[in-house]
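Using my numbering, read the sequence shown as starting at 1 and increasing by one per residue. The structure appears below as structure tokens.
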Amino acid sequence: MTKSPFGNLGGMMKQAQALQDQLAKLKDEVSHKTVTASAGGGMVEATANGAQEIISIRIDPEVMKAQDVDMLQDLVISVTNEALRQSRELMADELKGLTGGIQIPGLF
Numbered sequence: 001m002t003k004s005p006f007g008n009l010g011g012m013m014k015q016a017q018a019l020q021d022q023l024a025k026l027k028d029e030v031s032h033k034t035v036t037a038s039a040g041g042g043m044v045e046a047t048a049n050g051a052q053e054i055i056s057i058r059i060d061p062e063v064m065k066a067q068d069v070d071m072l073q074d075l076v077i078s079v080t081n082e083a084l085r086q087s088r089e090l091m092a093d094e095l096k097g098l099t100g101g102i103q104i105p106g107l108f
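Written out as structure tokens, the structure reads:
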């Protein structure tokens, strides 16, 4: 009996398909989770979902009273970047369970 030069290619393909299916399910589940970041002592908040989309921004009316547009812009940029960072971290943490802690570039 001659061994195939491809080994158990069929089994590996099934495993790859199963991993791909699990990844799609995980991405869908994580997309429904949210993270919220705040800046300026809670004066500005941004909420992102696991799909790394900003789904809400809240600005305390007190910030508007200062009429400091530059400060408000800086706060919005800061809080948005932090919410997106937390969203990426959420996805990475969820992926660790699926990949056994191995970081696979390009998964998300």
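All residues carry an ideal CB built from backbone N, CA and C; glycine is no exception.
Open item on the list: Quick check for students: name the residue ranges of the alpha helix (DSSP H) that lie wholly in the region 67-102, counting only runs of 4 or more.
Closed with: If one requires a minimum length of 4 residues, the alpha helix (DSSP H) runs lying completely within the region 67-102 are 69-99, in chain order.
TODO: Please report the residue range of the beta strand (DSSP E) in which Ala46 lies.
DONE: Walking along the sequence shown from the start, residue 46 turns up at place 46. 44-49 is the span of the beta strand (DSSP E), which, as asked, contains Ala46.
TODO: Give me the Cα-Cα distance between Gln15 and Thr80, rounded to the nearest whole angstrom.
DONE: Along the sequence shown, read from residue 1 onward, the residue named residue 15 stands at position 15. Along the sequence shown, read from residue 1 onward, the residue named residue 80 stands at position 80. In a straight line, the C-alpha of Gln15 is about 37 Å away from that of Thr80.
Task: Three-pair Cβ contact test at 8 Å for the region 43-53 versus the region 68-88 - done: They touch, by the three-pair rule.
Open item on the list: Measuring straight from C-alpha to C-alpha, what distance separates Lys27 and Met13?
Closed with: Translated into the one-based positions of the sequence shown, residue 27 becomes position 27. Translated into the one-based positions of the sequence shown, residue 13 becomes position 13. Cα to Cα, Lys27 sits roughly 21 Å from Met13.
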